[in-house]
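Take a look at the structure below.
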Amino acid sequence: MDEMASVEGAWEQVFAGLAALRGAWPSQEWGYDRRFQSVMSTITTADKQRARAACDSLFKSVFDSAAIVGAPPGPRALADQYGGVRSGQLLLWNGEAGKPGAFGLWWPWGDGQSVSLRVGLHDVDLPKTRYPKLRDVFSVPQAPPGHGWSERSHS
Numbered sequence: 019m020d021e022m023a024s025v026e027g028a029w030e031q032v033f034a035g036l037a038a039l040r041g042a043w044p045s046q047e048w049g050y051d052r053r054f055q056s057v058m059s060t061i062t063t064a065d066k067q068r069a070r071a072a073c074d075s076l077f078k079s080v081f082d083s084a085a086i087v088g089a090p091p092g093p094r095a096l097a098d099q100y101g102g103v104r105s106g107q108l109l110l111w112n113g114e115a116g117k118p119g120a121f122g123l124w125w126p127w128g129d130g131q132s133v134s135l136r137v138g139l140h141d142v143d144l145p146k147t148r149y150p151k152l153r154d155v156f157s158v159p160q161a162p163p164g165h166g167w168s169e170r171s172h173s
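Those letters in the sequence shown? Residues 19 to 173, per this note's numbering, in order.
Okay, here's the thing in structure tokens:
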């Protein structure tokens, strides 16, 4: 198998895992967060256990604010890029650094009633192909040219 086919196969596995996550996620409402180049959904804490089970099926590594210090370089760099991992937050990681994969940012809200999950891609080789595919997997409309938001991202 040549390297191109191998990379495409790895991305197909990532997107299949993301589709499974979406299918198991408690809410089917997803929007796009341009700031993090990720899809995002918010749930109530009542759905937290089901949501974490959905995440655990895809993300094989979980880093909280203490564990991120000893994390491999890929997750550490991603955490730094997005402002660190604060108390109560989690960085969820799928894949190996330097290879196609996905990440999740699990962020409880200050009200204690809601949790947001942002799901993005790491080590992206073809952004103009991979990010639209991410949005398609989560049924998030593509942004009109010149805009970084969708109708759902502001609801």
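The beta-carbon is built from N, C-alpha and C at its ideal position, and this holds for glycine as well.
Only a predicted model underlies this, so the values are computations on that prediction, with no experimental measurement involved.
Determine the burial state of residue i: buried for a count of at least 16 other Cβ atoms within 10 Å of its Cβ, exposed for fewer.
i	result
Asp74	exposed
Ser45	exposed
Arg40	buried
In the DSSP assignment, what are the bridge partners of residue i?
i	result
Pro126	Val133
Val80	Leu110
Just tell me which of the options has its CA closest to the CA of residue i.
i	options	result
Ala69	Val32, Ala42, Gly106 and Pro126	Ala42
Asp82	Tyr100, Ser56 and Trp124	Trp124
Ser154	Val133, Trp48 and Met22	Correcting the residue identity first, residue 154 is Asp in this sequence and not Ser. Minimum Cα distance to Asp154 is reached at Trp48.
Asn112	Leu139, Val158 and Arg104	Leu139
Pro22	Thr62, Asp143, Ser157 and Gln160	Here residue 22 is Met; the residue named in the question, Pro, does not match the sequence. Of the candidates Thr62, Asp143, Ser157 and Gln160, the one whose C-alpha sits nearest the C-alpha of Met22 is Asp143.
Gly130	Gly106, Ser56, Ala120 and Arg136	Gly106
Trp29	Phe156, Val158, Lys151 and Arg104	Lys151
Ser157	Glu26, Phe33 and Ser24	Phe33
Which residue comes first and which comes last in the alpha helix (DSSP H) that contains residue i?
i	result
Leu96	Pro91 to Gln99
Phe33	Glu21 to Ala42
Mind checking which residues open and close the beta strand (DSSP E) that includes residue i?
i	result
Glu60	Reading off the sequence shown, one finds Thr at residue 60, where the question assumed Glu. From DSSP, the beta strand (DSSP E) with Thr60 extends over Ser56 to Thr62.
Compute every distance between the C-beta of residue i and the non-hydrogen atoms of the ligand ZN, then say whether any falls below 6 Å.
i	result
Ala28	With respect to the ligand ZN, the structure offers nothing, as it holds no ligand at all.
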